[in-house]
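Q: Quick one: this structure, given as structure tokens, is what I'll be asking you about.
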Amino acid sequence: MFSHEEVVIRAGERTGLPVLVAVHSTTLGQAVGGCRVNHYADWRDGLTDALRLSQAMTYKCAIAGLDNGGGKTVVALPPGHVVDSRRDLLHDVADVVHSLGGRYATAPDVGTGPEDMAVIKERTPHVFCTPTELGGSGDSSPGTAAGVMAALSAVCAYLGKSGLKGRRVGLLGLGHVGAHLARLLAAEGAELLVADVDPAKQALADEVGATWLGPDEVVTAELDILVPAALGGLLTEELVQGLRCVAIAGPANNQIASPSVARMLHGKGVLWAPDDIVSAGGAIYAHAVELRHETPAQARARVAGIADTLSRVLDSAEQAGESPYFTAQEFVRARLEGASHGLAR
Ligand code: PHE
Numbered sequence: 062m063f064s065h066e067e068v069v070i071r072a073g074e075r076t077g078l079p080v081l082v083a084v085h086s087t088t089l090g091q092a093v094g095g096c097r098v099n100h101y102a103d104w105r106d107g108l109t110d111a112l113r114l115s116q117a118m119t120y121k122c123a124i125a126g127l128d129n130g131g132g133k134t135v136v137a138l139p140p141g142h143v144v145d146s147r148r149d150l151l152h153d154v155a156d157v158v159h160s161l162g163g164r165y166a167t168a169p170d171v172g173t174g175p176e177d178m179a180v181i182k183e184r185t186p187h188v189f190c191t192p193t194e195l196g197g198s199g200d201s202s203p204g205t206a207a208g209v210m211a212a213l214s215a216v217c218a219y220l221g222k223s224g225l226k227g228r229r230v231g232l233l234g235l236g237h238v239g240a241h242l243a244r245l246l247a248a249e250g251a252e253l254l255v256a257d258v259d260p261a262k263q264a265l266a267d268e269v270g271a272t273w274l275g276p277d278e279v280v281t282a283e284l285d286i287l288v289p290a291a292l293g294g295l296l297t298e299e300l301v302q303g304l305r306c307v308a309i310a311g312p313a314n315n316q317i318a319s320p321s322v323a324r325m326l327h328g329k330g331v332l333w334a335p336d337d338i339v340s341a342g343g344a345i346y347a348h349a350v351e352l353r354h355e356t357p358a359q360a361r362a363r364v365a366g367i368a369d370t371l372s373r374v375l376d377s378a379e380q381a382g383e384s385p386y387f388t389a390q391e392f393v394r395a396r397l398e399g400a401s402h403g404l405a406r
């Protein structure tokens, strides 16, 4: 079923690269979601990503209580493609975003950062997270990482554990958010096992005193908590069979390949915290600072609220005897249905 409001696929005027913008929903307000610049075997794989990720943004905003809908941009680079003018690429993105007339605003994501948002802002105002000197809320990854830490504290509380000290935590992915997490988790005294597809990231593992392993080894290790912080689609039925962790909570988007995986995790007794809740910190922070004009401290307090949101979802899932995946979906449905019709188009 096609559940999106609008999908734009345009060859960038300057680069000819496929710029894909998916607006999933504006029911709660302007759609927001990051701009992912990534290599794909086929641009259609980029489209699939944009469709899934924009829907995840609708869920993320709805559960986090934001008055925003969900959208996402993907620039699908062909395999091995080297971008010669990043500025041209970003202006191509800006023009497509601008053509949507404010129904969607973009933000950083995998492959982009605040400096890129500043370039996009040269051609459209519909962009979050430009550097603070330019009036934006800056890098969204510390906010996302802080939200994950809040979620992990809720997971510990739910499991009846006092905190992360001495817990065996497997962290998969040391990108922007993952690198912050490695440092925060090490500071909490967790016993850390980490992996990344980029061997150069081992330096960070050494710096924080983490054990460096292969991605498969981290995922299947005996762990208290597995923290997926790499690209999505990690949890498949096949992979779940080999898991030896008590809980899974991390910022990677779209972790679960299909609803049956959520059922399987539940059946196996592995607690899974829905990524739409865990990963919302960056969006919550940007929203608070840029739209509510709150101070960084106030915005951080909102991000910390992820712990409460997650606890509520875990508790009602337990009462219903079902996976938190389905409970979270119920929360989203209730919020979207409660929104008055014809809002914020
Ligand atoms: N790209 C991040 C996310 O998907 C951060 C972000 C989104 C920041 C939307 C602001 C607005 O959550």
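Heads up, the sequence shown stops at 406 in this note's numbering, and the numbers go up one at a time, no gaps. By construction, the Cβ of each residue, glycine as well, lies at the ideal position given by its N, Cα and C atoms.
(1) Using a Cβ-Cβ cutoff of less than 6 Å, which residues in the same chain neighbour G343 once the five nearest sequence positions on both sides are dropped?
(2) Assuming contact is defined by CB atoms lying nearer than 8 Å, are H327 and S384 in contact in what I supplied?
(3) CA-CA distance, L284 and D277?
(4) Express the C-alpha separation of F387 and L287 in angstroms, rounding to a whole number.
(5) If you check the beta carbons only, do V364 and I345 fall under 8 Å apart?
(6) So what does T272 bridge to, in DSSP terms?
(7) So, are the CB atoms of G90 and V80 less than 8 Å apart?
(8) Quick check on DSSP: helix, strand or coil for P260?
(9) Along the chain, which unbroken stretches of the alpha helix (DSSP H) at least 4 residues long are found entirely within the segment 152 to 215?
(10) Is the beta carbon of T191 closer than 8 Å to that of T167?
(11) Please state whether DSSP places E66 in a helix, a strand or coil.
(12) Please list the terminal residues of the continuous alpha helix (DSSP H) segment that includes G239.
(13) Using only the alpha-carbon positions, how far apart do A389 and R244 sit?
(14) Give the DSSP-derived three-state secondary structure of P289 in the structure shown.
(15) Compare the beta carbon distance of L161 and L78 with 8 Å and say whether it is the shorter of the two.
(16) Is S340 near the ligand PHE - that is, is its Cβ less than 7 Å away from at least one heavy atom of it?
(17) For the ligand PHE, I want to know if T193 counts as a neighbour, meaning its beta carbon is within less than 7 Å of at least one of the ligand's heavy atoms.
(18) Below 8 Å on the Cβ atoms is my contact criterion, and I expect R75 with H142 to pass it. Report the Cβ-Cβ distance as a whole number of Å.
(19) Give me the Cα-Cα distance between S368 and R396, rounded to the nearest whole angstrom.
(20) With distances taken Cα to Cα, identify the nearest neighbour of I275 among E268, G293, G234, G250.
(21) Shorter than 7 Å, the distance from the beta carbon of V93 to the closest heavy atom of the ligand PHE, or not?
(22) Alpha carbon to alpha carbon, what distance is there between V158 and A282?
(23) Give the single residue among E391, A102, W333, A362 whose Cα lies nearest to the Cα of L220.
A: To lay it out plainly:
(1) S201, G204, T205
(2) yes
(3) 13 Å
(4) 20 Å
(5) yes
(6) L254
(7) no
(8) helix
(9) Within the segment 152 to 215, the alpha helix (DSSP H) runs of at least 4 residues that lie entirely inside it are, in chain order, 175 to 182.
(10) no
(11) coil
(12) 237 to 248
(13) Take the alpha-carbon of A389 and the one of R244: they are about 29 Å apart.
(14) strand
(15) Their beta carbons are not under 8 Å apart, which means L161 does not touch L78 by this criterion.
(16) At least one heavy atom of the ligand PHE sits closer than 7 Å to the Cβ of S340.
(17) no
(18) Incorrect: roughly 15 Å between the Cβ atoms, too far for contact.
(19) According to the sequence as given, residue 368 is Ala; it is not Ser. If I take the Cα positions, the gap works out to 19 Å.
(20) A quick correction: the sequence has Gly, not Ile, at residue 275. The residue with the shortest Cα to Cα distance from G275 is G234.
(21) V93 Cβ: within cutoff of the ligand PHE.
(22) 42 Å
(23) The shortest C-alpha separation from L220 is found at W333.
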